[in-house]
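**Student:** Numbering (the numbering used here), first residue to last: 13 to 181. Ideal placement from N, C-alpha and C gives every residue a C-beta, glycine not left out. Because the structure is a prediction, the values reported are computed rather than measured.
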Amino acid sequence: MNKNIQETITMKHLSRVTLMLLTLSPLIVSAFDGWPSDQSITHKSAGTMAKAYEKAPVRVVFQVSDSNPDSWRTTLSSVTETIKALRDKKVMIEVVAFGPGIDGLKRGSEWSEQVQQAIDAGVGIMVSETAMAARHYKHDDMLPGLKYVPVGAVEILQKQKSGYLYLRP
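1) Enumerated in chain order, which unbroken segments of the beta strand (DSSP E) with a length of 3 residues or greater are wholly contained in the segment 75-142?
2) Have a look at Val166 and Ser174 and give me their C-alpha separation to the nearest angstrom.
3) Could you compute how far the alpha carbon of Gln75 sits from the alpha carbon of Thr142?
4) Output the distance between the C-alpha atoms of Pro181 and Val127, rounded to the nearest integer angstrom.
5) Output needed for Tyr178: all residues of its chain with C-beta closer than 6 Å, excluding positions within five of it in sequence on either side, in chain order.
6) Apart from the five residues just before and just after Thr86, which ones in its own chain have a Cβ nearer than 8 Å to its Cβ?
7) Round the Cβ separation of Val139 and Leu117 to the nearest angstrom and send it over; I've been treating them as touching at under 8 Å.
8) Going by DSSP in three states, Lys173 sits in which element: helix, strand or coil?
9) Within its chain, find whatever has a CB closer than 8 Å to the CB of Lys150; leave out the 5 residues flanking it on each side and keep chain order.
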């Protein structure tokens, strides 16, 4: 199609749209008459959002996935300190163990007492069943009170997607 013809058609459409908007503008304006100003809406929304943010729980997911004993010590210490520091807020903490990190969750591990204290404090301790199968562990081999998830890494991804902050001490 000739470029001049295209420009003419485009101009005709543009002028029709402009004419239509001019015709409808009194209706559009009257529809919004009495609505609060943008500043009023923004100010109220910001205040409401700030209040909601203050009331929202702090959600944190910790990862333990290596066999270094310091990983469990550091994670459990971080969990305890996070709970203490945020005692005035609602805190939701989950620890997800997978890979060699699940060794710290076996019955009789050096961390069993601290893990049980964390569970008693409301911390969710999750163990990957995939990692358990790879290490030939059964549920009876593990500490009581654990939550079992199919794949630890996927659990962390899902937690992050739902708003959890991710920490790997």
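**Tutor:** A quick look at the data gives this:
1) Within the segment 75-142, the complete beta strand (DSSP E) runs of at least 3 residues are 103-109, 136-140.
2) Straight-line measurement puts the Cα of Ser174 at about 12 Å from the Cα of Val166.
3) Each residue's Cα considered, the two are about 15 Å apart.
4) Separation of Pro181 and Val127 (C-alpha to C-alpha, rounded to the nearest whole angstrom) is 16 Å.
5) Cβ neighbours of Tyr178 beyond the five flanking positions: Val73, Gln172.
6) Excluding residues within five positions, the ones whose Cβ falls inside 8 Å are Pro181.
7) Contact holds; Cβ gap of about 5 Å.
8) In this structure, Lys173 counts as helix in the three-state DSSP scheme.
9) Within the same chain, Met144 come within 8 Å of Lys150 by CB-CB distance, once the 5 residues on both sides are set aside.
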